[in-house]
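Residue numbers (our numbering): 162 to 622.
The structure appears right after this line, and notes come after that.
Below, the structure is given as structure tokens:
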């Protein structure tokens, strides 16, 4: 439309210029001028209208294009609702040799067990007539459970089924309040570092001779323990073992331990005292095997004699520094005999040293007693486990005040390999020197030596 208006205006201008319309224009000059002006105005208005329409068209096309782009663009995803936090599990399972299950409120449950198989040879002078040679034994085969309950309470129950003889070892209900622990049931009394150290963590196949000779056993009673910083206090009142509970026999004992850390080293100093009333009219007897439990022979033995009570006291010391450890104890038992007879005092004690041949290993210690050794480089993780050598002198004297039970001096060596925290293999040699032994040789000699070799395979969880 703009081209047509331009062409019309150009034709009129050409005709006017050539004189083609001069006569008419001369006659009607005002009219033509008015019409031309009117035409020009219309054409200008028309051009303005066309320009307006073109602008509107461009705007419409832009709008259509924007709508098309918007239609082709997918809408943004709707915002995801917030994810609620996962609820805390009601139970948690960790592994400490066996699964330990912990629950809300302070509940926990863990199965426990140990298996110790011993074998070896006892060699005594043949003329004594004692049965020696090879022997073997399931030393311990225990199963049990332990755990905690809400409110600070706990429990532990174990039975030993070694050699098909069922016996309850620990049967404990406990309560913990800060630094104070209270125990009710059957458990090991507070007598001696050697006795309170678990059989899983001793350095020789058996504990020191006096612990067995003086009848250190678990008894039923009430015990209290207070530990704060470097000081540990223990005490309790007891009757007898569960398999022979008595209404007459009772005992009380106490123990104090000072256990400071000196740099990276552990020091242990302690003392114990024990008093026991025996059943009226009963007797006591003290005797001991030559190191190993798979022999029934006792070369020193007081025999049975009447007694009213026993008073015992002991001292203990230990030191652990890196791969080295040392320990020593002395224990005295005075027996009160009736009818004003002389009261004998018997003695037992030991001194030992040990050293780890493997790098980074040390003897475990916790809570006033020796604890689990954890190899720095166990088998299964690129290492060979821990290897430890130990030497001990062990003394037991059962002769005094007319009681002739004999003396035993033991010289022991042991080699321990722990592939992992929970597995142990031990080899033990012992030379026992006897004086006033109860079994004389054919020539009547009661002073002689006995050689013992014992090995152990052990696993626990």
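The beta-carbon is built from N, C-alpha and C at its ideal position, and this holds for glycine as well.
Given the structure is predicted, the values throughout are model-derived calculations rather than measurements.
Under a Cβ-count criterion, where at least 16 other Cβ atoms within 10 Å of its own Cβ denotes burial, should residue 297 be classed as buried or exposed?
What you label residue 297 is simply residue 136 of the chain shown in a count that begins at 1. Flag for residue 297 reads exposed.
Let me know if residue 351 comes out buried or exposed under the rule of 16 or more other beta-carbons within 10 Å of its beta-carbon.
Start at 1 with the first residue of the chain shown, and residue 351 comes out as number 190. Counting Cβ neighbours within 10 Å, residue 351 comes out buried, since at least 16 surround it.
Compute the distance between the beta-carbons of residue 576 and residue 617, then report whether it is under 9 Å.
Within the chain shown, residue 576 is the residue found at index 415, counting from 1. Within the chain shown, residue 617 is the residue found at index 456, counting from 1. Cβ atoms of residue 576 and residue 617: not closer than 9 Å.
Unbroken alpha helix (DSSP H) run spanning residue 374, endpoints:
Working through the chain shown from its first residue, we reach residue 374 at position 213. Per DSSP, the continuous alpha helix (DSSP H) segment holding residue 374 begins and ends at 370-374.
CB residue 551 to CB residue 516, shorter than 9 Å?
Walking along the chain shown from the start, residue 551 turns up at place 390. Walking along the chain shown from the start, residue 516 turns up at place 355. Between residue 551 and residue 516, the CB-CB gap stays under 9 Å.
Would you tell me roughly how many angstroms separate the C-alpha atoms of residue 621 and residue 437, rounded to the nearest one?
Translated into positions along the chain shown, residue 621 becomes position 460. Translated into positions along the chain shown, residue 437 becomes position 276. Their Cα atoms are separated by approximately 33 Å.
Sequence ranges, beta strand (DSSP E) only - wholly within the stretch 407-471, length at least 3
The qualifying runs are 411-419, 426-438.
Leaving out the 5 sequence neighbours to the left and right, which residues in its chain are closer than 6 Å to residue 328 when beta-carbon positions are compared?
In the chain shown, counting from the first residue as 1, residue 328 sits at position 167. Here residue 328 has 321 as same chain residues with Cβ atoms under 6 Å from its own Cβ, once five neighbours each way along the sequence are excluded.
Would you grab the beta carbon distance between residue 372 and residue 353 for me? Rounded to a whole angstrom, and I think it's under 8 Å.
On the chain shown, residue 372 is found 211 positions in, with the first residue counted as 1. On the chain shown, residue 353 is found 192 positions in, with the first residue counted as 1. Right, the Cβ-Cβ distance comes to about 6 Å (below 8 Å), so this counts as a contact.
When you compare the CB positions of residue 505 and residue 563, do they come within less than 9 Å of one another, or not?
Numbered from 1 along the chain shown, position 344 holds the residue referred to as residue 505. Numbered from 1 along the chain shown, position 402 holds the residue referred to as residue 563. Yes.
With a Cβ-Cβ cutoff of 9 Å, do residue 370 and residue 472 count as a contact?
Walking along the chain shown from the start, residue 370 turns up at place 209. Walking along the chain shown from the start, residue 472 turns up at place 311. No, these two residues do not count as a Cβ contact at 9 Å.
By Cβ distance below 8 Å, which residues in the same chain neighbour residue 468 in space, the five residues on each side in sequence not counted?
To locate residue 468, count along the chain shown from 1; it is residue 307. Hits under 8 Å: 439, 443, 444, 445, 496, 497, 498, 499.
May I ask you to check if the CB of residue 308 is nearer than 8 Å to at least one heavy atom of the ligand NAD?
This structure lacks the ligand NAD; in fact it carries no ligand of any kind.
Distance, Cα to Cα, residue 391 vs residue 525?
Stepping through the chain shown from its first residue, residue 391 is reached at position 230. Stepping through the chain shown from its first residue, residue 525 is reached at position 364. Between residue 391 and residue 525, the alpha-carbon positions lie close to 17 Å from each other.
By the DSSP assignment, the beta strand (DSSP E) with residue 520 in it spans what residues?
As a working mapping, residue 520 is identified with position 359 in the chain shown. Element bounds for residue 520: n/a, residue is neither H nor E.
Alpha carbon of residue 316 to alpha carbon of residue 595, nearest angstrom:
On the chain shown, residue 316 is found 155 positions in, with the first residue counted as 1. On the chain shown, residue 595 is found 434 positions in, with the first residue counted as 1. So the alpha carbons of these two residues sit roughly 44 Å apart.
Length at least 4, wholly inside the stretch 480-510: the alpha helix (DSSP H) runs in chain order:
For the stretch 480-510, not a single whole alpha helix (DSSP H) run of length 4 or above is found.
What span of residues does the alpha helix (DSSP H) with residue 357 cover, start to end?
Translated into the one-based positions of the chain shown, residue 357 becomes position 196. Per DSSP, residue 357 is one residue of the alpha helix (DSSP H) stretching across 354-357.
Thinking residue 613 and residue 281 are a contact (beta carbons under 8 Å), I'd like their distance in whole angstroms, please.
Counting from one through the chain shown, the residue named residue 613 turns up at place 452. Counting from one through the chain shown, the residue named residue 281 turns up at place 120. With 8 Å as the limit, residue 613 and residue 281 qualify as a contact, their Cβ atoms being about 7 Å apart.
Quick one: grab the DSSP three-state call for residue 393.
Residue mapping note: residue 393 aligns to position 232 of the chain shown, counting from 1. Reduced to three states, the DSSP call for residue 393 is strand.
Tell me, which residues are paired with residue 256 by DSSP?
Taking the first residue of the chain shown as 1, we reach residue 256 at position 95. Within the DSSP bridge table, the entry for residue 256 names 260 as partners.
Just to confirm, are residue 285 and residue 461 a CB contact at a threshold of 9 Å?
Within the chain shown, residue 285 is the residue found at index 124, counting from 1. Within the chain shown, residue 461 is the residue found at index 300, counting from 1. No, the Cβ-Cβ distance between residue 285 and residue 461 is not below 9 Å.
If you drop the 5 nearest sequence neighbours on each side, which residues of the same chain put their C-beta closer than 6 Å to that of residue 254?
Indexing the chain shown from 1 puts residue 254 at position 93. Leaving aside the five residues that flank residue 254 on each side, the residues in its chain whose CB is nearer than 6 Å to its CB run, in chain order, 260, 262.
Look up residue 386 in the DSSP assignment and say whether it is helix, strand or coil.
Within the chain shown, numbered from 1, the residue matching residue 386 stands at position 225. Three-state DSSP puts residue 386 in a strand.
Which runs of the alpha helix (DSSP H), 4 residues or longer, sit entirely within the stretch 280-361?
Within the stretch 280-361, the complete alpha helix (DSSP H) segments of 4 residues or longer fall at 354-357, listed in chain order.
Considering only DSSP beta bridges, list what residue 579 is partnered with.
Taking the chain shown and counting its residues from 1, the one referred to as residue 579 is at position 418. DSSP links residue 579 through a beta bridge to 547.
Status (buried if at least 16 other CB within 10 Å, exposed otherwise) for residue 418
Against the chain shown, residue 418 aligns to sequence position 257. A residue is called buried when at least 16 other Cβ atoms come within 10 angstroms of its Cβ; residue 418 meets this threshold and is buried.
Give the C-beta separation of residue 476 and residue 490 to the nearest angstrom, bearing in mind that I take them to be a contact with Cβ-Cβ under 8 Å.
As a position in the chain shown, residue 476 is number 315, starting the count at 1. As a position in the chain shown, residue 490 is number 329, starting the count at 1. Between residue 490 and residue 476 the Cβ distance is about 7 Å, and since that is below 8 Å, they are a contact.
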